[in-house]
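See below for the structure under consideration.
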């Protein structure tokens, strides 16, 4: 997902949060070596998974966003 593709969305459309490391200079968002957090729509999350499949990023943690609260998939990881 490039910066140009990030659209203005309403809060109820944002249903995913990811924390990830940028692994490649070719990553569509972020700089290599940076750790980032993004709040995403379902379409944005699918693009993030595609970026991970292409080894541009590595998703460290994911949570569903529900009524302003984060519901983490896993609680065992330390970031």
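In my numbering, the protein residues as written are -13 to 65. For each residue, glycine too, the CB sits at the ideal point set by N, CA and C.
Rounded to whole angstroms, what's the CA-CA distance from residue 7 to residue 21? Just pull it up for me.
Distance between the alpha carbons of residue 7 and residue 21: 4 Å.
Does the pairing of the stretch 11 to 18 with the stretch 41 to 56 give three or more beta-carbon distances under 8 Å?
yes
Start-end ranges of the beta strand (DSSP E) lying completely within the stretch -6 to 47, minimum 3 residues:
2 to 8, 21 to 26
What do you get for residue 48, buried or exposed, if any count of 16 or more other CB atoms within 10 angstroms of its CB means buried?
buried
Cα-Cα separation between residue 56 and residue 27, rounded to whole angstroms
14 Å
Where residue 30 falls, given that 16 or more other Cβ within 10 Å makes a residue buried:
buried
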